[in-house]
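Shown next, in C-alpha cells, is the structure this report addresses.
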Amino acid sequence: MDEKYSPKAIESKWQKIWETTKLFKVKEDPDKEKYYLLEMFPYPSGKIHMGHVRNYTIGDVVARYKRMRGFNVLHPMGWDAFGMPAENAAIANNSHPAKWTYENIDTMRSQLKSMGFSYDWDRELATCTPEYYRWEQWLFLKMYEKGMTYRKESFVNWCETCQTVLANEQVEAGMCWRCGKQVRQKKLSQWFFRISDYAEDLLIHCDKLPGWPEKVVTMQKHWIGKSFGAEIHFPIENSDEKITVFTTRQDTVFGATFMCLAPEHPLVLTLSKGTEQEAEVSAFVDRMALQDRSVRAVESYEKEGVFTGAYCINPLTRRKMPIYTANFALMEYGTGAVMSVPAHDQRDFDFAKKYGLDIIIVVKPSDKELDPAAMTEAYTDQGVMVNSGQFDGMDNKKALDEIAAYLDENNLGKKTVNFRLRDWGISRQRYWGAPIPMIHCKECGIVPVPEEDLPIVLPEDANLLEGGKSPLPTLDYFTKTTCPKCGSPDARRETDTMDTFVESSWYYERYCSPHYHDGIFDKAAVDYWMPVDQYIGGVEHAILHLLYSRYYTRVLNDLGLVKYKEPFTRLLTQGMVCKETLSCPEHGFLYPYEAKGSGENRQCTKCGKPVVVGRVEKMSKSKNNVIDPKTLLEKYGADTTRLFCLFAAPPERDLEWSEQGVEGGHRFLNRVWRLVSDWTELTKDAVLFNGNPDELEGDIRDLYKKIHETIKKVTSDIEDRFHFNTAISAVMELVNAMYDADQQKNTPHAPRVMKFAMESVALLLSPMVPHFADELWNILGHSGSVLLESWPSYREDALVKDELVIVVQVNGKLRGRFTANADTDDDALKEKALANEQVQKFINGKPIKKTIVVKKKLVNIVV
RNA sequence: GCCUGGGUGGUGGAAUAGGUAGACACAAGGGACUUAAAAUCCCUUGAUCCUUAGUGGUCGUGCGAGUUCGAUUCUCGCCCCAGGCACCA
Numbered sequence: 001m002d003e004k005y006s007p008k009a010i011e012s013k014w015q016k017i018w019e020t021t022k023l024f025k026v027k028e029d030p031d032k033e034k035y036y037l038l039e040m041f042p043y044p045s046g047k048i049h050m051g052h053v054r055n056y057t058i059g060d061v062v063a064r065y066k067r068m069r070g071f072n073v074l075h076p077m078g079w080d081a082f083g084m085p086a087e088n089a090a091i092a093n094n095s096h097p098a099k100w101t102y103e104n105i106d107t108m109r110s111q112l113k114s115m116g117f118s119y120d121w122d123r124e125l126a127t128c129t130p131e132y133y134r135w136e137q138w139l140f141l142k143m144y145e146k147g148m149t150y151r152k153e154s155f156v157n158w159c160e161t162c163q164t165v166l167a168n169e170q171v172e173a174g175m176c177w178r179c180g181k182q183v184r185q186k187k188l189s190q191w192f193f194r195i196s197d198y199a200e201d202l203l204i205h206c207d208k209l210p211g212w213p214e215k216v217v218t219m220q221k222h223w224i225g226k227s228f229g230a231e232i233h234f235p236i237e238n239s240d241e242k243i244t245v246f247t248t249r250q251d252t253v254f255g256a257t258f259m260c261l262a263p264e265h266p267l268v269l270t271l272s273k274g275t276e277q278e279a280e281v282s283a284f285v286d287r288m289a290l291q292d293r294s295v296r297a298v299e300s301y302e303k304e305g306v307f308t309g310a311y312c313i314n315p316l317t318r319r320k321m322p323i324y325t326a327n328f329a330l331m332e333y334g335t336g337a338v339m340s341v342p343a344h345d346q347r348d349f350d351f352a353k354k355y356g357l358d359i360i361i362v363v364k365p366s367d368k369e370l371d372p373a374a375m376t377e378a379y380t381d382q383g384v385m386v387n388s389g390q391f392d393g394m395d396n397k398k399a400l401d402e403i404a405a406y407l408d409e410n411n412l413g414k415k416t417v418n419f420r421l422r423d424w425g426i427s428r429q430r431y432w433g434a435p436i437p438m439i440h441c442k443e444c445g446i447v448p449v450p451e452e453d454l455p456i457v458l459p460e461d462a463n464l465l466e467g468g469k470s471p472l473p474t475l476d477y478f479t480k481t482t483c484p485k486c487g488s489p490d491a492r493r494e495t496d497t498m499d500t501f502v503e504s505s506w507y508y509e510r511y512c513s514p515h516y517h518d519g520i521f522d523k524a525a526v527d528y529w530m531p532v533d534q535y536i537g538g539v540e541h542a543i544l545h546l547l548y549s550r551y552y553t554r555v556l557n558d559l560g561l562v563k564y565k566e567p568f569t570r571l572l573t574q575g576m577v578c579k580e581t582l583s584c585p586e587h588g589f590l591y592p593y594e595a596k597g598s599g600e601n602r603q604c605t606k607c608g609k610p611v612v613v614g615r616v617e618k619m620s621k622s623k624n625n626v627i628d629p630k631t632l633l634e635k636y637g638a639d640t641t642r643l644f645c646l647f648a649a650p651p652e653r654d655l656e657w658s659e660q661g662v663e664g665g666h667r668f669l670n671r672v673w674r675l676v677s678d679w680t681e682l683t684k685d686a687v688l689f690n691g692n693p694d695e696l697e698g699d700i701r702d703l704y705k706k707i708h709e710t711i712k713k714v715t716s717d718i719e720d721r722f723h724f725n726t727a728i729s730a731v732m733e734l735v736n737a738m739y740d741a742d743q744q745k746n747t748p749h750a751p752r753v754m755k756f757a758m759e760s761v762a763l764l765l766s767p768m769v770p771h772f773a774d775e776l777w778n779i780l781g782h783s784g785s786v787l788l789e790s791w792p793s794y795r796e797d798a799l800v801k802d803e804l805v806i807v808v809q810v811n812g813k814l815r816g817r818f819t820a821n822a823d824t825d826d827d828a829l830k831e832k833a834l835a836n837e838q839v840q841k842f843i844n845g846k847p848i849k850k851t852i853v854v855k856k857k858l859v860n861i862v863v
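Residue numbers are given in full-length UniProt numbering: position 370 of the first sequence equals residue 370, and the series is strictly consecutive.
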C-alpha cells in the first residue's frame, strides 16, 4: 500500500473500473425491490457549479446506500437542454444554440463522471433531441384531442425594437435588458394547458404528500390559492349588460359604493366610449399597459384610477355606483372586477378617500360605533351587520352564508370558489425549444399535425436573428406545409415552441425506458420504476417545476398511460451553497484574490482601500463569490469535495463554504489512510473478528462495541434522516477510537478486531467517498467495488453497555455521577446516589420529598 | 402584511422520545518531532468565581413568562435573521 493517499490516481483508476464493468447499469428485475432515486437534472449552462455538486453528492450517497441495502436502484442523469441561455450565448459568440448546448453537455458529463456519481449513463437523455421531444409533441396531440389544451389571447412582455417576447426576468425596470427600450404588454394568441381543471385535485393531494417538506407543500397550497366566496352580478345602468365580480366578503355587499375594473377589462373602453371621460380613460389604460408588472407590485404603489363615465346598480341596495378603472384591480384574478367596499377593505378605503367616494359601514364591532368620517383605516375585523336590510344584527360570519343563499335564490349571484392558479401558458415565441405540433390552415383553422408526421424537427441549421428574435417564422421550408385535413397548400406551421417546463414535467418517466421507440415510454418499465421514491433538488423549484410535474402526471393518468397520480413520493430540497462576499467601496464585489492581507485588515489590490466583508450569500457570478468545483477536484479530489459537502451542514440547510473545512475533510481521509497503512501488515493474515463481545476484554472489547454502535448510528442517520454530517462524525469518532487502540497492538485479538474496524470504516464511508472506500476495500484484501457488498449490520449483543454512567441531580441540578451495572435496580441506584458526597452536601439534611429514577440514565432527588 | 424555516461557544454544527448542553470538525493557544518549515502527534479551549483548583460554585441554548422533579426540546407572548408569497377583492 502506498504510504501517501493520492486521490487523483485512485479516483481515475476506479472511475475506469466502474465504467468498464458497467457497475451502475440497471434493468427491471421483478425479484428485487426497486428504488428510484432522482436528482433534478441540470440545465447545461457550461460547467457544473457547487450547487450541482452538493445536490448530486447527496443523491449519490442515498443511491449507493440503497443499493448496498439490496434495492434495485434507478439513478439516471440527463440534460434539461432547451432554453434561452443557449440563444443568448449563441448571439454573443456568433455560434448556434445546438453547438453551444452539446459542447456544454460534453463538458458537464465529464465533470460529473469525475465526481464519481453512480449514474446509469446508458439512460442519459437530452431534451433538445428529436427522440425526446417527439413524445412531448405526441403528448401535446393527445391533450389536444381531449381538450386539455387550448388557444387564447394573452399578454406578453414585448420589445418593439427587438421584435421579440421577453421573459419576466429579462425586463429590467420596465426596459428591455438588451436594448434598453421600453417594454410593453402585447396581446398574442397563445397555447395553454388547462392546469386549473386540476386545481382542486392538486390542492387535496397536497395533504397526501407526507414525504415532502412542509414548506414546499404550503407554498404549493398558497400558489393554488383556493378561496371561498360569491359571484355577484351588478347590472350596468342604461344597459342590458352586467358586471360580475368575485368577492370573499359578500357580507359587505350593502356597503359597496363603487366598482373597480382592471385597466385591461374589456368593458373599460366600451363603457367610456362617447362619454366625456373617454380620452382620460384611454390615456390611463395606455399608461397601465406600458407599466412593468414589477413596478405595479411595489408596496408603495399609489392607488389610482379614472371614472369611466358609467354607473352600475348595487343589486341589494339599488344604489347607483360609479364604475372606475383602477390600477389595483387585476385582470388575472377573479373576474377582473372588484365591488369596492371602502369601509371594510383597506385598498377601497384608500381609493375612496383619494377620490371622495362614499363610505358606508355595514359591519361594526359589538362594543362601539364606527363613524365613516372619523375612520383612518378600513374596519376588516368581524362584527355585527348594520345598514344591511334584513341581515341587520346578524353576526357577519353568518351573513356570509345567508347573503350568498339570498343572492342565489334571487338570481343575483351565487356561492363559488375561486383559485389563484391560472392556466399554464406554454407558448414561447422562441427558437430553442420543442416546436408545437400544430398547423394553421386558411380553410380549416387550427389543425393538429398527424401523429405519423412526428417529430416536427426543430431546424438546426437556422441562425438566430438580431435581438434574439426567433428565426422560425422566417423559414419557409419550416413554416410552409399542406393542411393535413383539406390538403390546401396554403397552410402554415405553428412557430411557437413549448415552455421548457414541459420537458421537465415528464423526463423522469422517460428515464425508465429512454431509448424506447414505440411510444412515449415502455409501460412495463414505468410500471416497475415509477413513482420516484426520492427526489432531490433545489428549493427554487418548489412551486413551478413541482406543480407542473404533479399536473402532468395527472394528465398521463387521465390518458391511461400511468397508474399513479403523484410522481414524487419523497422530496428533499437541499439548501444553497453560500460564501461571504468581499467588496471595495470603489470597485464593487471582489474576487478573493483581489483582497490582499488577512482577517480584518484586507485591502483592495486595485486601490488599497479597506475591503468590506459582506454577508454570507448564495454563490453567484455577479457577487464574485463562486468556487469552481474544478479547482477543488484538482487540489483535493472528488472524495474530499463530496465529504465536505456532506459534513459541513445537514442537506436541507444552507452550506457555508469554508476552505479550512475542505482541508479538514481531506485531513480526515489522510488520517484513515495512515491508520490502515499502519495496520495492514499486522492484520494481513488475521481472521476478522465479528463474534460475541464476551470473547474480548478491556479496550479492545470497548473498541469492538464502538464499531457496532457506529454501524447502528450511521445506518439510522442515513436511512431515517439523511443527516450525513452526523453519520460522518460518528465514523470520525470511531477512527479516533481506533487511533487510541494503537497501544493495544500486541494484545491477542487486536488485529482481528482492527481488521473488522477497518472494513467497517470502508463500508460505512463508501456511499460518501466511493473511490477512497473501494481502494481501501481492495487494500484490505478484497476485490471489486464495495458497492457490490451488503451494507454492514450490527449485533444487538454488542450494543449492550457493561457499565452505565448514572447522573445524580438534586432539584434538577447536576450534582454528581457514578457508574453502575446495567441491571442495577431502582432502589440500589437511589441508595448509590444518596451515598454520593457531593449530593449529600446539597441535600444538607433537608427532608427528601421525592426521588425520580430514569432507568439507565439518572436519579433526581427532590428536597 | 401573510406563510415557512431558523436564532446554541471565536466558527460550522451536535443533542433522534422532556433527562449529563456544546458530539464531530474548524479556528486559536501550548507542547513534541525537526537544523528549520510543512506534515503529523499530544494537551488546552462557553463565560465567570474561589484562602479548599475540585468528581468545586454560579451563570449560560435570542428575550420574557408558564407547565414540570427536570426545558435547547412543550405552551403562551415578544424581538431579530433568512427564504417564499404579496394590491388575490
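Built from N, CA and C at the ideal position, the CB exists for glycine as well. These numbers come from a predicted model, not from an experiment.
Residue i versus the options, residue with shortest Cα-Cα distance
{"i": "Pro365", "options": "Phe351, Asp348, Ala343 and Leu357", "result": "Ala343"}
{"i": "Asp678", "options": "Lys745, Asp453 and Val687", "result": "Lys745"}
{"i": "Thr275", "options": "Val612, Ala310 and Asp476", "result": "Ala310"}
{"i": "Val26", "options": "Ala326, Trp121 and Asn725", "result": "Trp121"}
{"i": "His708", "options": "Val676, Met375, Glu759 and His666", "result": "Glu759"}
{"i": "Asn314", "options": "Trp212, Asp395 and Thr252", "result": "Thr252"}
{"i": "Pro372", "options": "Lys609, Gly383, Val384 and Leu357", "result": "Leu357"}
Rounded separation between residue i and residue j - CA only
{"i": "Ser272", "j": "Thr308", "result": "5 Å"}
{"i": "Phe74", "j": "Lys34", "result": "The sequence given here has Leu at residue 74, not Phe. When rounded, the distance between both Cα atoms is 8 Å."}
{"i": "Lys565", "j": "Tyr552", "result": "9 Å"}
{"i": "Glu299", "j": "Leu166", "result": "For Glu299, the predicted structure reports a pLDDT of 47, less than 50, and the residue's modelled location is therefore unreliable. A value from the coordinates is still provided. So the alpha carbons of these two residues sit roughly 24 Å apart."}
{"i": "Glu409", "j": "Leu316", "result": "13 Å"}
{"i": "Thr500", "j": "Ala90", "result": "18 Å"}
{"i": "residue 920", "j": "Val808", "result": "Any answer about residue 920 is impossible in this case: the structure gives the chain only from 1 up to 863."}
{"i": "Trp506", "j": "Ser549", "result": "7 Å"}
{"i": "Lys186", "j": "Phe349", "result": "32 Å"}
{"i": "His749", "j": "Glu796", "result": "21 Å"}
{"i": "Asp496", "j": "Arg422", "result": "20 Å"}
{"i": "Ile243", "j": "Val457", "result": "46 Å"}
{"i": "Gly614", "j": "Ser583", "result": "7 Å"}
{"i": "Lys850", "j": "Val626", "result": "60 Å"}
{"i": "Val285", "j": "Gly78", "result": "46 Å"}
Alpha helix (DSSP H) segment containing residue i, residue limits
{"i": "Asn692", "result": "Looking at the DSSP string, Asn692 is not in any alpha helix (DSSP H), and its letter there is neither H nor E."}
{"i": "Val216", "result": "Glu214 to Ile224"}
{"i": "Lys368", "result": "Premise fails: Lys368 is in no alpha helix (DSSP H) and is neither H nor E."}
{"i": "Asn778", "result": "Pro770 to Ile779"}
{"i": "Gly661", "result": "Glu659 to Thr683"}
{"i": "Phe589", "result": "Run containing Phe589: none in the alpha helix (DSSP H); it sits in the beta strand (DSSP E), Gly588 to Leu590."}
{"i": "residue 878", "result": "Nothing can be reported for residue 878, as the shown portion of the chain is limited to 1 through 863."}
Identity of the residues DSSP links to residue i by a beta bridge
{"i": "Ile861", "result": "Val810 and Thr851"}
{"i": "Arg151", "result": "Trp191"}
{"i": "Thr275", "result": "DSSP lists no partner for Thr275."}
{"i": "Tyr36", "result": "Leu74"}
{"i": "Val562", "result": "Per DSSP, none; premise fails for Val562."}
Residue i - containing beta strand (DSSP E), residue span
{"i": "Arg123", "result": "Element bounds for Arg123: n/a, residue is neither H nor E."}
{"i": "Tyr43", "result": "That residue, Tyr43, is in no beta strand (DSSP E); it is neither H nor E in DSSP."}
{"i": "Val526", "result": "No beta strand (DSSP E) holds Val526; the alpha helix (DSSP H) holding it covers Lys523 to Trp529."}
- Message: Give the list of continuous alpha helix (DSSP H) stretches no shorter than 4 residues that lie fully inside the region 326-393.
- Response: 346-355
- Whole beta strand (DSSP E) runs in the region 725-759 with 3 or more residues, listed along the chain? none
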